[in-house]
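Here our numbering is used: the first residue of the sequence shown is 3, the next is one more, and so on. See structure below.
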Amino acid sequence: MGHQIESILRENRSFPPSAAFRARARISDPAEYERLYRESLEQPEVFWGRVARELPWLKPFERVLDWSAKPFAKWFVGGRTNASYVCLDQHLTTHRRDKFALVWEGEPGEVVRYTYAELHAAVCRYANVLKARGVKKGERVALYMPMIPELVIAVLACARIGAVHSVIFGGFSAQSIRDRVEDGGCTAVITADGGWRRGKVLPLKPVVDEALAGLAGVHTVFVVRRGGNLIEWKDGRDVWLDELAAQASPECPPEPMDSEDTLFLLYTSGSTGKPKGIRHTTGGYLVGAYLSARFVFDLRDDDLYWCTADVGWVTGHSYVIYGPLANGASVLLYEGAPNTPHPGRFWELVAKHKVSVLYTAPTAIRSFMRWGDEHVTRFDRSSLRLLGTVGEPINPEAWMWYREVVGESRCPIVDTWWQTETGSIQITPLPGITAAKPGSATRPFFGVDAAVVDEHGNEVGVNQGGYLVLRKPWPAMLRGIHGDDARYVETYWSKFGGRYYFTGDGARKDQDGCFWIMGRVDDVLNVAGHRLSTMEIESALVSHAAVVEAAVVGRPDEISGEALCAFVTIGPGHSASPALAELLKEHVAKEIGKLARPAEVRFAEALPKTRSGKIMRRLLRDIAAGREVRQDTSTLEDFSVLARLRGDEE
Ligand code: WT7
């Protein structure tokens, strides 16, 4: 298994669900759970067929799974439905009609609420505007928006007319938007003038203008008013979405989509090449998001559920929008930063809105720890009953703090492992069943056949590190990479000869069958819960005139998990200086987005390479972390490079 996977400190604490939690949980009987889990693996079509029938279909499916064109799955074959119909219309004839679907708070503090009936009308209005401007079924629409209700409405409006949404996180640069719009062949963009972030209006429309400059193919830019910032206007292309929506009809029939019609594209980083447009389809994705949200978050009608992820990431797709709304939950949406205007902002929101289920990321938890308990404890958290985390491995210390300080030792924690590609949660405790262990995502969810294997695909022993694979198809799995089937097969299915889905993560499984995720085994970094490819950041660096060669590695960081450290060699006529380092950091931020800004830029005369010319990344990782270099350096081409990088020779 090599170097990447090493055993980590053993954590032996275990926290079974309390009797009080179990008494009201959706599932709490271990025998029932065992029976269902066994059924989900042994008779997946029976299990998933039954779950799928809990959702409304416009035309029933004929077959649960067609895996004959492996690794291209078809779920709920022949069925037709619509994601906005599943999230909205089904609730209109029930008591949920006048229940809040969305409770939104802006960063400056204003609150807007939408009942299911109101959200339905708002979505229909947007859908009618999109249609009137010629957006058609199957067309791709890029969304670049702040965390405002209009973002959720726009997503569901695309789904309603069968347009494919491609949400681009609001922190991405113009260049990143351009790449995604081009790769996806988007014909329309939905944006806002700006949004509130850290006490200021962050302009968005101007970034879209820059992204689209000279680009053919986008016929309309729909703009929502939010920031009130001055923007430029391109007549004929730009329209005010909110103005047109006010005049549009609040009724729009949902387009009956084939279960395998694309619902959305979402771009994610891989170790090589440009970002991948991960393709998710309609029926299977909804079934996966629905069931996981229901059981993992134990959703009930009286919950106020808050997933703090931005809709620009997959977590926001599956667990802000589709999963909770398919369950008829009340969802809190917050526009701004967790520490604006004060470091207790999240806990103020929890107290004010009586949040009962909170789903956030380890990086946020570590920030709260650092800011101090008092910002948490001065707000009433008695409404909380369940806590969740996602995005990266959580260190046991942060897990314990989350449990004791935030959850007052009362709330179970669900540490949920999954990926953009998996669409829905794959490894997780069930809060009424599983004894949680700090730092472990614990057990596979229903229908998930996870294993830890060696290089040859053979399962490794208890507590031995290996590659995490999934051995069975699941409903919400990606159906491919937009425009590149070969890359889909190569990236996820080639490592184990087409037998297993390769996650790219290392893991070990303990004596109780609990999984401990040990991070990525490829050249992908996880910064603040977001995947970044070293290769993309390196190409951004090399696109700067001063840089000849670059290698980017992660080093452990207390808050963000990993911080980016860039090693660069510069060309003649340029000299290494702190000013150039700052310039290069800014350059990356501009090319990709602030999230990719290196924490550190180090200049080197040469990068350490093997005789075959491969950059020795692990060696750079050790240097960046200030560790002893542990790698066998016998293949190093030029030994003096190493000494210079460490600063032994000046
Ligand atoms: C990668 C997926 C899925 C939502 C957010 C990230 C890491 C995610 C956990 C967890 C340990 C985790 C993995 C995974 N990851 N959740 N609970 N424990 N690691 O989505 O950007 O597609 O990244 O995030 O490395 O492969 P993503």
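Where a beta carbon is used, it is the ideal one built from N, C-alpha and C, also for glycine.
- Beta-bridge analysis with DSSP links R533 to N528.
- Under the three-state reduction of DSSP, I435 is assigned to coil, being neither helix nor strand.
- CA-CA distance, P18 to I519, rounds to 20 Å.
- For H282, the enclosing beta strand (DSSP E) starts and ends at 278-283.
- In this structure, G515 has its CB at a distance of at least 6 Å from all heavy atoms of the ligand WT7.
- Here the distance from the Cβ of D456 to the nearest heavy atom of the ligand WT7 is not below 6 Å.
- Within the segment 141-217, the complete beta strand (DSSP E) segments at least 3 residues long are 142-146, 166-169, 188-194, 196-199, 202-205, listed from N- to C-terminus.
- Note that the C-beta distance between P600 and W50 is not below 7 Å.
- If you check the C-beta of T117 against the ligand WT7, you find no heavy atom less than 6 Å away.
- With a cutoff of 7 Å on beta-carbon distance, T444 and P433 are scored as not near each other.
- Counting only residues of its own chain and dropping the five nearest sequence neighbours on each side, L534 has a CB closer than 6 Å to the CB of S271, L527, A598.
- In this structure, the ligand WT7 has a non-hydrogen atom nearer than 6 Å to the beta-carbon of W419.
- Assignment of G108 by DSSP, reduced to helix, strand and coil, places it in the coil class.
- Take A159, set aside five residues on each side of it, and the residues of its chain with a beta-carbon closer than 7 Å to its own are V125, Y128, A129, L132, in chain order.
- The residue from I280, Q421, L43 with its alpha-carbon nearest to that of R522 is Q421.
- Residue environment for D100: exposed (fewer than 16 other C-beta atoms within 10 angstroms of its C-beta).
- Of T117, E560, Q92, the smallest CA-CA separation from F102 is found for T117.
- Residue pairing of S332 in beta bridges, as defined by DSSP: L306.
- Short of 6 Å from the beta carbon of P446, and not among the five residues preceding or following it, lie these beta carbons of its own chain, in chain order: I429, A452.
- Relative to the Cα of I192, the nearest Cα in the group V137, A547, K202 belongs to V137.
- Across the structure, A71 and R380 are spaced so that their CA atoms are roughly 56 Å apart.
- With respect to the 7 Å criterion, K207 and V220 are not classified as neighbours on the basis of their beta carbons.
- In this structure, L470 places its C-beta atom within 7 Å of the C-beta atom of D507.
- DSSP places Y35 in the uninterrupted alpha helix (DSSP H) bounded by 32-44.
- A552: member of the beta strand (DSSP E) spanning 549-559, first to last residue.
- For T95, the number of other beta carbons within 10 angstroms of its own is below 16, and it is reported as exposed.
- Counting only the Cα atoms, P73 lies some 36 Å from L543.
- Closest in alpha carbon position to H377, among V359, V407, S385, S579, is V407.
- Look at G286: its beta carbon is at least 6 Å from all of the heavy atoms in the ligand WT7.
- The Cβ atoms of T365 and A530 lie closer than 7 Å to each other.
- Per DSSP, Y87 lies in no alpha helix (DSSP H) segment and is marked neither H nor E.
- A residue is called buried once 16 or more other Cβ atoms fall within 10 Å of its Cβ, and K587 is buried on that count.
- Counting the other Cβ atoms within 10 Å of the Cβ of H344 gives fewer than 16, which makes it exposed.
- Residue pairing of L267 in beta bridges, as defined by DSSP: S168, R281.
- If you look at W77, you'll find it in the beta strand (DSSP E) that goes 76-79.
- Linking E64 to G485 through their CA atoms gives a straight-line distance of about 28 Å.
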